[in-house]
Structures are given as structure tokens and as C-alpha cells.
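Below: the structure, in C-alpha cells.
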Amino acid sequence: MVGLIILQLKLTVYNYSIFASTNPMPDMPSTASTSLPQKYYLSHARELFDFVRLECSHLLDKHHLDYLQRFNELDENSQCLLIRCLARKPKFIKRASLSYPEIDSLSSALNTLLEQEFLALATPSDWPNLATALTKPELLALVRLYGHAVKSSVSRQEVVEFSTQQLDASHLTDADLLNNFVVRRQSQTVDYIFFLFFGDLRNRFQKFAMRDLGVLRTRKSNSKPVARFEQADDAYSAFELQQLRRSFQADPQATQEAAADYLLSKHPVGFAAQQTHSKLLLEVGNELLSQNADRALQLWRTSNEPQAVEKWVRETHRQGDRSALKVELETLREKDLPASCQVFIEDFYARKYQGKRTSVYTDLVREPTRALQLDEAYINDVEDGVIEHYQRQGISAQFSENKCWRALFALTFWELLFGEQEINYGEFDRLPPLLRNGQFYQSLETRIEQILLGFDDPQRMLKSIARCATINYGQPNGIFRWRANLLDLLKPCVLHSPPTAIAQVLRRMAMNYQHARDGYPDLLVVENSELRFEEIKAPGDSLRPNQLVSINRLRRAGYRVDISQVHWSTNPDQVYAVVDIETTGSMKGGNAITEVAVVQVRGGNIISEWSTLVNPQRRIPAYITRLTHIDDAMVANAPVFAEIADQLRDQLRDCIFVAHNVGFDYGFIKAAYEAIGQSFRKPKYCTVRNSRKAFPGLKSYSLGALTTHFDIDLVGAHRALNDARATAHLLRLIQDQNASC
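Heads up: the sequence shown begins at -5 in our numbering, then just goes up one per residue.
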């Protein structure tokens, strides 16, 4: 079967029709491995160090090269122990925790690393940082040694805080305590080496292990990986700012002033440093605002982040210097700023200086194209509710949002982004560098325009996209996620778009991917062969700046984009499927369903009932049998879940899934479908949560308590059909109560 599907996929080059929903793309193949070699981490370290030594030599100083050389000269056991220590997150490592069966002569390896100064023993100067590595008993013993009375009942964090306040380096005279810990030396050197490989300070060796186990899919490129920086000054500047951001985020209060001084005094070198610098200006300004508003303003004004522009404009206006601000805004209106900045400045200027009463965001939401009545059961699945609403009317509707445009973008320009000529920083970098640094269109304008010129024929465009998807299906790309039905979403967009519209949108994405990659409307709708996009807003929802920008982008390209406002109601014709299941136990522990019942309700009346026992393919515990009266003999000849899955799906079709504590029943059924390779998704309605809203103040909201309180007939509790009938009665009471309010 898989071979047939793959063959069909290859035929897509010539005939798109095989991508109908009846012939979906195959699932991505699993590359998972169950185990790793004993010293897997050593090969990972050598892979990383060799890349940096060979490809990044122009970015390394003498001490970096010396570290790499001295590592290569270590014996294998010492190399293994060092890598184990580098992989540890804590700075201080207990010697007793260094236990690795695959490392021979571990004590000898440790001594070698100490002698070679890759590691060092803790010293009094490591206080107070060392306090975070000590256990609560160790901390209590230390503070009590110097006459401080601390109760054993206090938390470890309280003891840490007390010890760092009351003790200093002079109190750490216990050599045994200090000798219990080793510390990594040359941390800055190691961090820089890792930074050159990964591009940030968040990554460590675990990514290699996840890759080898098949947990993390990495991007295999046809081009050779190269250094991510051309100049050492660019690399050092970006590295320093990454370090600053890490220390600031770890303790904003303690580092904010030093961070502000650095950001305002040192100019970032290179694109990566400029990006981090701009984000840090925003973050540090946010932290400083409550204490030093002028300092925060200074930081925000230096940042290029759209949020920073908005913040300094609002804060300047709040402080009262409005005439000067008006002049500044008039100047900014003439500048080439990101679209979201332009929208904010125009809107703010209109409201504050031209008498406009409401924002452009409010205006758009308050003037929807249509109002839709949806059942409250869709309150957490609004888009799904609208899709089902349209589908019942025979209108095609799909959730599209960003994935439609990102997929079209990637499949259109795949060869430019991921082909043999791509710039490649390594398999762990999924997003192509040209998109990350905003140079894609500038570097490849001629080839991009040639591709877009070929899109005047929708069928030709469709074949090109389908061919690319066939060849590259499942390849990690950092732009969109592969889905088996992806082309079912792209097909109506391609076939029904206005002439040149797709090319206009993709061109804007190519020019500035980072600012044009999101904010697109929720749904793609085709009605009477006409395409439109819809942004769905429920009560209380607002429009974000990037959404407004993307809506305007689509409209300028020629698309119809509607705003649909949802209003909650109870549809008298809506069918509710009241579900109850019995199981062998809780969700944990591999338990399974033993009985399932569905009672369909419409307009408060029961219209059908269905139930069946289910063979759980495991023993039923005695305490469960005492509760449900279902034993092993009763289910021995019952169908397994796979045999009743289609019947159950038919019972739930076009219904809202109702249960008392819906997470339990829904979770079990969803897991059961997934276990047989099927997906399951339905709108949910919980009678526990809704009975709390409808009838506040009751002592208990268990099904038994509610049936007693409301005199609902419940004979044979903990059998699925009986419980489902009682829950159906409760559902009617809740709906009647809501209708009377």
C-alpha cells in the first residue's frame, strides 16, 4: 500500500488530481532509533569541535584554538569526562555525581582534567554562587557552624537566601566541602565555540542525541555547512550581546542598569548583533520603565523593534510633550518603516491629533462583514465551529491562517531556499539564513521574479508546487509543517486566486519574510467558485497589528477578506452526543475502554441511544468490577475498539461531544482512535463546568450528587448508558436554566 501511494505521489509531476483527499500524502517515515552507542556524546563533541576548528578558524583567537588543540591531546577517558561535564547545566558539579560506567579510570581522568585546568575545584571565591549547588542539609550545617539558628522546617530557597546574606567567602574554610565540587574552567571560551556552531547560547549536546534517536528531524542539505559569520568582529559582537541577554533574563533586577549602559554605549556589529541589540533595548526598557521612565524612553528610541516604537510614542504622549511628539510622528510618517509601525503611527496620529475617536483595529472588528450564530460548545474551537457551519451549507471552508501562505512560499522558492546553492550553517538551523537576515529578495531578485512570472497559469503553478511537495515531502524546513492533506488546502487557493494575486503576496514575503510571515486570516472559503479569506472574531477578541497588516496586504493583492463576528447561542437543531465510558482505570497506566454509550439529544429530547461493551484486551481490576459490575467474562467476546470505531464515529458525526467531566471521556476516546492510527477531534461540552455556571453554590457537582439534587432518575450508576441518560437530562436542565436568564 505504501509503495502504491509513493508511486502515485511521483505521478503528481504530471497530474495533480492524485492529491485528492482520498489519496493523501504518506506519513513521514520514522527515523527513530532505540539506543545510542556508549560514548555517543564523544563523537558529537568531535563533530562540533572539528567543524568550528576547520570552518570557523577565521573567527577564533589563540585561546580558542589552544582549547581545541588541548582537547584533542587528551586521552579518550578524559575527553569523555570533560564532555559529560560540559553537558551538565549547573556550573558546580558534585564529584560524587561523576559516575559513568563507560569511562575507565574515572578518578585518573578527573585528575587529568584538573591538572590540565579544564576543570577546577571550588574555592571560597565561588561564594555566593556555590550556595545554589549545596543541599539544604549542607546549607543548614554551614550557617549553624557560624552560630545562626535556622529552623529545619524552612524551605531550601529560604536557606539559600539566608546563607548568601549572612555568610561571605571568608566563612568557606571547610576544604572537604569545597573539594566536593568541581567547576568548568574557560566557560567563556567553551560558550563561544558552542555559539559559533549553534548561533545562540541555548543549545548543548542533547540536540545531537535527539537527532540520532530520530526525535529531532534535522535539515539535510546538498551544500557544505559554512561558518555563520564572515568577520570575527561580527561574531564577537553577537556573542557578547547573547551573553548580556542571558544574564539579564536570568536576573533582570540586578543587571538592568549594567545592561542599559552597555546597550547605549556599544554599537552592535553585523546583522545578528543588531537583531539581539534591538530586542534587548526593548526588553531592558520594559524592565526599567517603572523605576526610570526617561532611561526606558532612551532605550526604546534606540530600538528598531515595532513594539519599542509604539512604547516610546505612547510614553512620550503620556508624559505630556505632545507638540514635539506631533512633529516627530509627522517625520516618522515619511520614513520607510515596517508595516506594523506605519499602521500604528498613522492610527495614533489620527486619534491624538486629528480627532478620530476609535482605533483602526476597533473599527475593523466593529464593522464585520457578517455575524454568525454558533453554539457555545464551540467557545474553545471557534474556527472549527465556523467551518462546520459552512460545511453544513455545502460551502467549502478550511483552516488556513499562516500555514497556507508559508507553504506556498516555501514550495514556490524551494530550490532557491534549500537547493545546492543555498547558504547552509548546519543541519540544526532550519530557517534558511537568507530569510533570517532579510537578504533573500535582495540577493536573488532576478530568479525570484522569473519564478513569479511563470505563475500566470494556475494549472502550471499547481503542477510545480505538487512536484516540489512530492520530491521534498517530510523535509524539515523551518517555514511550515508538512501535512498529509496540505495540497488540499493549497489547491483552491491557487485555482481561485485573482490573477497575479499570489505573486504579489509571495513577493512581499520574499522582500521581508520576518515581517510578512504571519497574521493571515483564519479561514479559506470557496463559495460558488469564488475564493475569500475570513478572519474570525469571537466576543472579546481584538485585532493584532500583524493581522491588520496581513489583511491589508491580501486586499491590495486583490483578495476578498472578510471579518466574521461570532455570537454565542444555543441552536435548537444542534444534535448533542452525550457520551459516557467505563474503563479499566485512569488515563495513566495503559488502561482501556470497557463500555461506551452515546445518547443523542436535540431540542432537549433524546432522539437515539447506542451502547456496546468493548474488549479492553487487558484484565479488569477487581475494584473496577465492584464499581461498574463489568467483569472479564462480560467483555471476553465483545468487539475490540477498532471493530466499533466506525460505529462510534457515525454516532458522533455532526454532533457536539458532551460528557460529565468531558476531558476524561474525550481523552480516552481520542487516545483509542490514535492507537489505531486515526485522528479524532470534536467540539466539547462539559456538564460539570456548565452546571457550575448554571447552578452556582451547590456542595458537589459529581453526577451522583447532581442527580440526587435535581431528582434525576439514575438506576445502575457506573454503567455507560445509564450515566449517559442521566447526563442528557442534566444537559437539558442546564440549557433551560441558561435560556431563562
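Where is the CB? At the ideal position from N, CA and C, for every residue including glycine. If you're wondering where the values come from, they're calculated on a predicted model, not measured in any experiment.
Exclusion of the five residues before and after Tyr355 leaves Ser536, Leu537 and Leu542 as the residues of its chain whose Cβ lies within less than 7 Å of its Cβ. Non-local C-beta neighbours of Tyr660 in its own chain, meaning closer than 7 Å and more than five positions away in sequence, comprise Phe651, Ala653 and Lys678, ordered along the chain. Note on the stretch 629 to 666: whole beta strand (DSSP E) runs with a minimum of 3 residues are 650 to 653, in chain order. Annotation: the stretch 499 to 530 contains the following complete segments of the alpha helix (DSSP H) (minimum length 4 residues), in chain order: 507 to 510. Under DSSP, Thr606 forms a beta bridge with Val590. In summary, Lys218 is exposed, with fewer than 16 beta-carbon neighbours lying within 10 Å of its beta-carbon over all protein chains present.
Beta bridge pairing from DSSP links Thr270 with no other residue. Nearest C-alpha to Ala722 among Glu409, Val569, Glu524 and Met503: Val569.
The three-state reading of DSSP puts His623 in coil, since its state is none of H, G, I, E or B.
Taking C-alpha positions only, Glu416 is separated from Lys457 by approximately 23 Å. Here the alpha carbons of Gln292 and Asn286 stand approximately 10 Å from one another. Taking a cut-off of 8 Å on C-beta distances, the stretch 454 to 473 touches the stretch 387 to 407, as three or more cross pairs fall below it. Taking Glu251 as reference, the option from Arg240, Glu281 and Glu439 with the minimal CA-CA separation is Glu281. Residue burial is scored here from C-beta neighbours: Asn66 has fewer than 16 other C-beta atoms within 10 angstroms and is therefore classed as exposed. When the five nearest sequence neighbours on each side are left out, the beta carbons in the same chain lying within less than 6 Å of the beta carbon of Asp717 are those of Asp574, in order along the chain. Gln385 carries a helical assignment under DSSP once its states are collapsed to helix, strand and coil.
Around the Cβ of Ala627, a 10 Å sphere holds fewer than 16 other Cβ atoms; the residue is exposed. The Cβ atoms of Ile545 and Val555 lie closer than 8 Å to each other.
Counted as a single uninterrupted DSSP element, the alpha helix (DSSP H) harbouring Tyr435 occupies residues Phe434 to Leu447. Judged by pairs of C-beta atoms under 8 Å, the stretch 382 to 398 touches the stretch 511 to 520, as three or more such pairs exist.
Excluding sequence positions up to five before and after Leu133, its CB lies within less than 6 Å of the CB of Val153 and Ser157, all in the same chain and listed in chain order. For Cys398, no beta strand (DSSP E) encloses it; the enclosing alpha helix (DSSP H) starts and ends at Glu395 to Thr406. By the neighbour-count criterion, in which a residue is buried when 16 or more other Cβ atoms sit within 10 angstroms of its Cβ, Gln63 is exposed. Ser51 is not bridged by DSSP to any residue. With contact defined as three or more Cβ pairs closer than 8 Å, the stretch 592 to 610 and the stretch 697 to 717 are in contact. Collapsing the DSSP output to three states places Ser734 in a helix. Within the same chain, and ignoring the five residues on either side of Trp604 in sequence, the residues whose Cβ sits closer than 6 Å to its Cβ are Val592 and Gln645. The beta carbon of Arg501 lies closer than 7 Å to those of Leu446 in the same chain, with the five residues before and after it left out. Taken through DSSP and simplified to helix, strand or coil, Arg178 comes out as strand. At the C-beta level, Leu275 and Ser241 stay beyond 8 Å of one another.
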